[in-house]
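Residue numbers (our numbering): 435 to 561.
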């Protein structure tokens, strides 16, 4: 099979890293999952725009809405983490800084997912 890389590029290890597909696939799947979740959220936020606190609380206390809210939060933050990781990998050159930045982004998104999920559960349970 013919290679389109020059001998110099092969020697330097330049070319396809062959590991970008996983990030690409995760980004696409999470984007597709976000379409109905964000449409659902947008409709209900619009419907609750003039509602009082008790109505909004009752809406979040509904088990279906609580599960969908947590799913939206988790998928959105996963999508964010994958996207920011790709940006860091592409534009940060120092390996240590790159690794630390990626770790910080993933840890931050994980903490936000946990905190947001706990907040929704706490509201749903009325405590």
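Backbone N, C-alpha and C fix where the C-beta goes; we use that ideal spot for every residue, glycine too.
Since the structure is predicted, the reported quantities are computational estimates derived from the model, not experimental observations.
- Around the beta-carbon of residue 472, fewer than 16 other beta-carbon atoms lie within 10 Å, marking it exposed.
- Closest in C-alpha terms to residue 460, from the list 474, 511, 561, 524, comes 511.
- Rounded to whole angstroms, the gap between the alpha carbons of residue 499 and residue 528 is 43 Å.
- Residue state for residue 516 is assigned as helix, using DSSP reduced to three classes.
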